[in-house]
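In mature numbering (1 follows the signal peptide of the UniProt record, and there is no 0), the protein residues as written are -16 to -1, 1 to 394.
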């Protein structure tokens, strides 16, 4: 990849040879007693899942910034450390795994601590910059309740678990103002950035202008200074707010995944958005015109009727990432499952929300839709296989299956 010399010089000025971020330009996300996550007493949890990711307790929603680095998977997520209900003053929970099945919770990666996020650290994404340097672009709710975009980076890049993060001192990087006329309450969820052929980074952020949904495109040559493109990457009338946009390439004749910055003649592109008006995730396959920086859906306009859904259950705010841990590279899909329990029930059980089982995702042979399948690692959670002899069952008959242990008890 071609990276400008200006960008390299500027970025290396922030990273010492030891791999520890110099804090002069960043705000340390310190922790103390009242800021460390406190878990509600959940007691007996008969409905707690065994296969799905969830934090030890309390509320969880959007998956944020999933990534693989140094053989360790990271999953950040929107988290309320104080209760099993949503709060606008959410933080970034953080867990790690070596197999996407068994997870270790860590202290929160970020919580409100700057004027640019004092009312909440909302959703965002991780981008891994040259040198295996991950950074987070995320939406903060500032002191004026505007949705603004902020930057954070690990305090110590040599820590494989990335347990401490620091925020850029000069946040926010992007904010609504009278010049750009961006809706201050509809400007959130930056995507993973990708590097263009011109050496500039690109990122999209969900928005809404009247009833038109937008994936606003921004460009940068250093990841700190961003300029809005002349046109959004994509937009569609009467679709409302576009949350959690996800834009990535897929190979035409292979189930293998590729890096978000990959391009070539054997690649198509996927744009996924979460329609806030109806709380479902929709995607379209199409062409990315790199000269004009626009996405052109195969089926025409991006709307509920012409696009496709990842899932027809409760599945929202989904996010993919590129996994190159094994020779068979893949793209993995996470999605938030918001259950149907009442607030009272959630408070009684002490938790709310799970992540759907992670799935590999690729382009179907027809080129018209995506294919997804639970990742193979999930199979290690299976118990002993039970085989039953062939028999004919009449209506209303009961067949006892022995030798099994239930994942949930009532």
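Each residue gets a CB set at the ideal place from its N, CA and C atoms; glycine is no exception.
Same chain, Cβ closer than 7 Å to residue i, five either side skipped, listed in chain order
{"i": "residue 71", "result": "64"}
{"i": "residue 20", "result": "In this prediction, residue 20 has a pLDDT of 38, which is less than 50 and means its spatial position is unreliable; nothing more can be read from the coordinates."}
{"i": "residue 320", "result": "45, 46, 47, 300, 301, 337, 339"}
{"i": "residue 280", "result": "270, 271, 273"}
{"i": "residue 164", "result": "212"}
{"i": "residue 293", "result": "264, 265, 266"}
{"i": "residue 275", "result": "none"}
{"i": "residue 368", "result": "387"}
{"i": "residue 89", "result": "39, 40, 79"}
Rounded Cβ spacing between residue i and residue j (contact assumed at less than 8 Å)
{"i": "residue 347", "j": "residue 236", "result": "6 Å"}
{"i": "residue 300", "j": "residue 322", "result": "6 Å"}
{"i": "residue 339", "j": "residue 47", "result": "6 Å"}
{"i": "residue 113", "j": "residue 207", "result": "7 Å"}
{"i": "residue 217", "j": "residue 277", "result": "7 Å"}
{"i": "residue 52", "j": "residue 308", "result": "7 Å"}
{"i": "residue 254", "j": "residue 354", "result": "7 Å"}
{"i": "residue 62", "j": "residue 335", "result": "Actually they are not in contact, since the Cβ atoms of residue 62 and residue 335 sit about 14 Å apart, beyond 8 Å."}
{"i": "residue 331", "j": "residue 69", "result": "7 Å"}
{"i": "residue 345", "j": "residue 356", "result": "5 Å"}
{"i": "residue 87", "j": "residue 79", "result": "4 Å"}
{"i": "residue 351", "j": "residue 370", "result": "40 Å between Cβ atoms; not a contact."}
{"i": "residue 180", "j": "residue 205", "result": "Wrong, their Cβ atoms sit about 10 Å apart, outside the cutoff."}
Beta-carbon contacts of residue i that lie in its chain and below 8 Å, excluding the five residues immediately before and after
{"i": "residue 126", "result": "99, 100, 101, 102, 103, 132, 156, 159"}
{"i": "residue 402", "result": "This structure does not reach residue 402, given that the chain is present from -16 up to 394, and the question cannot be answered."}
{"i": "residue 169", "result": "129, 130, 131"}
{"i": "residue 349", "result": "237"}
{"i": "residue 327", "result": "69"}
{"i": "residue 67", "result": "24, 42, 43, 331"}
Cβ neighbours of residue i in the same chain (closer than 6 Å, five flanking residues each side left out)
{"i": "residue 178", "result": "186, 244, 245"}
{"i": "residue 229", "result": "175, 188, 190, 199, 257"}
{"i": "residue 262", "result": "none"}
{"i": "residue 251", "result": "233"}
{"i": "residue 116", "result": "none"}
{"i": "residue 358", "result": "341, 343"}
{"i": "residue 143", "result": "none"}
Outcome for residue i when other beta-carbon atoms lying within 10 angstroms are tallied against a minimum of 16
{"i": "residue 266", "result": "buried"}
{"i": "residue 256", "result": "buried"}
{"i": "residue 248", "result": "exposed"}
{"i": "residue 54", "result": "exposed"}
{"i": "residue 172", "result": "buried"}
{"i": "residue 227", "result": "buried"}
{"i": "residue 233", "result": "buried"}
{"i": "residue 381", "result": "exposed"}
{"i": "residue 95", "result": "buried"}
{"i": "residue 59", "result": "buried"}
{"i": "residue 242", "result": "buried"}
{"i": "residue 379", "result": "exposed"}
{"i": "residue 57", "result": "buried"}
{"i": "residue 50", "result": "buried"}
{"i": "residue 111", "result": "buried"}
{"i": "residue 376", "result": "exposed"}
{"i": "residue 467", "result": "Absent from the model: residue 467. The displayed extent of the chain is -16 to 394, so no value can be given."}
{"i": "residue 123", "result": "buried"}
{"i": "residue 166", "result": "buried"}
{"i": "residue 201", "result": "buried"}
{"i": "residue 42", "result": "buried"}
{"i": "residue 119", "result": "buried"}
{"i": "residue 360", "result": "exposed"}
{"i": "residue 109", "result": "buried"}
{"i": "residue 162", "result": "exposed"}
beta-carbon residue i near the ligand NAP non-hydrogen atom, thresh 7 Å
{"i": "residue 138", "result": "This structure does not include the ligand NAP; it has no bound ligands of any sort."}
Exercise. Would you call the segment 295 to 305 and the segment 314 to 325 touching, i.e. three or more CB-CB distances under 8 Å?
Worked result: yes
Problem set entry | Stretch pair the segment 217 to 227 + the segment 281 to 293: three plus CB contacts closer than 8 Å | yes
Exercise. Should the segment 356 to 366 be regarded as contacting the segment 80 to 90, the criterion being three or more beta carbon pairs within less than 8 Å?
Worked result: yes
For this session: May I ask you to verify whether the segment 195 to 202 touches the segment 138 to 151, counting CB pairs closer than 8 Å and requiring at least 3?
Result: No, the segment 195 to 202 does not touch the segment 138 to 151.
Problem set entry | Cβ pair count under 8 Å reaching 3, the segment 72 to 79 against the segment 97 to 114 | yes
Problem set entry | Unbroken stretches of the alpha helix (DSSP H), 4 residues or longer, contained in the segment 237 to 278 | Runs of the alpha helix (DSSP H) lying entirely within the segment 237 to 278, each at least 4 residues long, are absent.
Problem set entry | 3 or more residues per run - each beta strand (DSSP E) lying fully within the segment 304 to 363 | Correct list: 314 to 321, 343 to 347, 354 to 358.
For this session: Note down, one range per segment and in chain order, each beta strand (DSSP E) of at least 3 residues found wholly within the segment 95 to 121.
Result: If we require 3 residues or more, the beta strand (DSSP E) runs fully inside the segment 95 to 121 come out as 105 to 113.
For this session: With a floor of 4 residues, list each alpha helix (DSSP H) that falls wholly inside the segment 51 to 80, ordered by position along the chain.
Result: none
Problem set entry | Within the segment 142 to 181, ranges of the beta strand (DSSP E) (whole runs, at least 3 residues) | Within the segment 142 to 181, the runs of beta strand (DSSP E) that reach at least 3 residues and sit entirely inside it are, in chain order, 149 to 152.
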